[in-house]
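Following: one structure in structure tokens, then a few remarks.
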Ligand code: SAM
Ligand code: SF4
Ligand code: F3S
């Protein structure tokens, strides 16, 4: 499929639509005598979170204000405009949407919600769109991730023609972000997609179908955005893509640039204390990237590298073009080049055809790689992917039992990784206050270990901060006192480094 780069005409059309909506919602607000509100609910990965930051930016450019002050929640509260940004990666993600949509039916009926849009990866799959048409007719608009940048036109046209699906191209756009308003969710972390889509077609995965072909953003546009967020005070940047190592963008002089060039440019910006990236595919990770990770103080000492399975036979069936020997060699290089760094992974249990022997190879690989943490998933058959039709499905009870065994092995490794931090002092980038107790803050070390620590009145006072003030974004020295399986506990151990 041809990749269409957004041009001046597209941008102008979006601007015009945003202006129309500002007028429309402005006059509705005058009639009602109050500002109009929106609620944006996000499911899925960081790429969806990044899309939601753009949706929020656009919604606010229409004059709407958020009703939900908690971030990333599934707070099903009414608002004049509700947007649900969906994920299709596993069946349970889809079930959550349909469950939540049922709740909104009542709100639409009692008119506490007037407009509902559903977007994201699920809306690129016809079966889901048909189901919404048939069973959820009160949804006003559906659109897919490739149409996100046309959100203002879609809302305006759907309000005008009262149709759920506005007739608009759904082709793979290459979108440079500068004309889309972004409302960043975090005060300290900026999510920067450097590429869109995926070309890898792992046999279990919907992403290449929902997000389209791989498109790398212009190198200079990325650098410009990095510079501007550094100037606005962001300390942490997260470079995003389904496989950042296959980034191949051009710069303004027409030269091809690699992911190592992007990482080099980002980490050369001194205002950033943390440069992170997600995700890496073992087939494309370069030694240049590992070397940079070891050399630059502000690149996170953490590599997320999905293993998926420890059996070469299953990796082949999954269409993951590496073998376990290659994976362990990369793990080894990482440990040598980034001493003390943490290695995390994704693993799928119960891929069709996985035998007991295959699963034992996964346990063995997990132990050899000594992952500091892992996201583990039970295989979920996704319609439209090759693995959906594979025979030889592993029975559900066998999958659950294997999953529990894997978790046990991984939890022990994670606890060991966390225990190694006890007694040492680390700079922690604070992410916020703990939910249950406002004297406890949480944040991450440069190795991405999650740290919960007690606020110390003395250090807070010294930095001119009131007791319960939010420390989000502050760099704080913390002495680690106790390890848990998924986090460590500590105490403040020095002046706040703002
Ligand atoms: N592009 C990333 C990579 O390859 O590292 C992964 C992105 S995907 C959003 C995150 C993880 O979801 C995958 O690494 C995989 O472990 C898991 N996943 C994807 N499809 C799945 C499926 N059908 N069933 C279970 N887990 C799945
Ligand atoms: Fe899915 Fe594979 Fe692409 Fe990751 S690399 S998004 S698992 S197809
Ligand atoms: Fe992300 Fe889910 Fe789509 S994981 S790319 S939002 S299918």
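Numbering (the working numbering), first residue to last: 3 to 500.
The C-beta atom is built at its ideal place from N, Cα and C for all residues, glycine as well.
Selected residue, minimal CA-CA separation from residue i, among the options
{"i": "residue 361", "options": "323, 373, 405 and 330", "result": "405"}
{"i": "residue 207", "options": "110, 273 and 310", "result": "310"}
{"i": "residue 379", "options": "94, 161, 148 and 253", "result": "94"}
{"i": "residue 413", "options": "383, 372 and 137", "result": "372"}
{"i": "residue 117", "options": "341, 126 and 138", "result": "138"}
{"i": "residue 42", "options": "27, 35, 78 and 34", "result": "78"}
{"i": "residue 423", "options": "257, 344, 32 and 142", "result": "344"}
{"i": "residue 237", "options": "268, 262 and 136", "result": "268"}
{"i": "residue 231", "options": "307, 193 and 62", "result": "193"}
{"i": "residue 468", "options": "214, 441, 261 and 387", "result": "441"}
{"i": "residue 255", "options": "262, 223 and 270", "result": "223"}
{"i": "residue 7", "options": "62, 127, 219 and 211", "result": "219"}
{"i": "residue 338", "options": "349, 289 and 257", "result": "289"}
{"i": "residue 110", "options": "96, 140 and 97", "result": "140"}
{"i": "residue 66", "options": "98, 398, 56 and 31", "result": "31"}
Cβ-Cβ distance between residue i and residue j below 9 Å
{"i": "residue 245", "j": "residue 293", "result": "no"}
{"i": "residue 49", "j": "residue 242", "result": "yes"}
{"i": "residue 217", "j": "residue 197", "result": "yes"}
{"i": "residue 147", "j": "residue 20", "result": "no"}
{"i": "residue 81", "j": "residue 115", "result": "yes"}
{"i": "residue 18", "j": "residue 64", "result": "no"}
{"i": "residue 304", "j": "residue 130", "result": "no"}
{"i": "residue 474", "j": "residue 274", "result": "no"}
{"i": "residue 209", "j": "residue 239", "result": "no"}
{"i": "residue 496", "j": "residue 427", "result": "yes"}
{"i": "residue 84", "j": "residue 119", "result": "yes"}
{"i": "residue 284", "j": "residue 307", "result": "yes"}
{"i": "residue 377", "j": "residue 348", "result": "yes"}
{"i": "residue 431", "j": "residue 364", "result": "no"}
Close-in-space but distant-in-sequence residues of the same chain around residue i (CB under 7 Å, 5 per side omitted)
{"i": "residue 321", "result": "203, 204 and 205"}
{"i": "residue 13", "result": "181"}
{"i": "residue 385", "result": "129"}
{"i": "residue 15", "result": "155"}
{"i": "residue 498", "result": "461, 465, 476 and 478"}
{"i": "residue 27", "result": "38, 64, 65 and 66"}
Beta-carbon contacts of residue i that lie in its chain and below 8 Å, excluding the five residues immediately before and after
{"i": "residue 493", "result": "455, 456, 458, 480, 481 and 483"}
{"i": "residue 74", "result": "Unreliable placement is indicated for residue 74, whose pLDDT of 48 sits below 50; no coordinate value is reported for it."}
{"i": "residue 500", "result": "465, 476 and 477"}
{"i": "residue 234", "result": "none"}
{"i": "residue 330", "result": "367, 370 and 371"}
{"i": "residue 325", "result": "314 and 317"}
{"i": "residue 401", "result": "351, 352, 380 and 381"}
{"i": "residue 57", "result": "42, 85, 87, 121, 150 and 153"}
Cβ shell of residue i (< 6 Å), same chain only, five flanking positions each side left out
{"i": "residue 420", "result": "485 and 490"}
{"i": "residue 59", "result": "183, 184 and 185"}
{"i": "residue 221", "result": "251, 253 and 259"}
{"i": "residue 375", "result": "346 and 416"}
{"i": "residue 121", "result": "87 and 145"}
{"i": "residue 36", "result": "none"}
{"i": "residue 433", "result": "444 and 445"}
{"i": "residue 248", "result": "286"}
{"i": "residue 150", "result": "53"}
{"i": "residue 396", "result": "352 and 356"}
{"i": "residue 559", "result": "Given that the chain is displayed from residue 3 to residue 500, the structure contains no residue 559 and the question cannot be resolved."}
{"i": "residue 195", "result": "52 and 242"}
Heavy atom of ligand 4 within 8 Å of residue i beta-carbon
{"i": "residue 182", "result": "Absence of ligand 4 is noted for the structure shown, with ligand 1, ligand 2 and ligand 3 being the only ligands found."}
One or two residues paired with residue i in a DSSP bridge
{"i": "residue 119", "result": "85 and 143"}
{"i": "residue 347", "result": "376"}
{"i": "residue 456", "result": "442 and 493"}
{"i": "residue 57", "result": "Residue 57 pairs with nothing; no bridge assigned."}
{"i": "residue 480", "result": "428 and 494"}
{"i": "residue 252", "result": "258"}
{"i": "residue 43", "result": "86"}
Pocket of ligand 2 (residues with CB nearer than 7 Å to any heavy atom), chain order | 200, 202, 203, 204, 207, 209, 210, 244, 245, 281, 283 and 308
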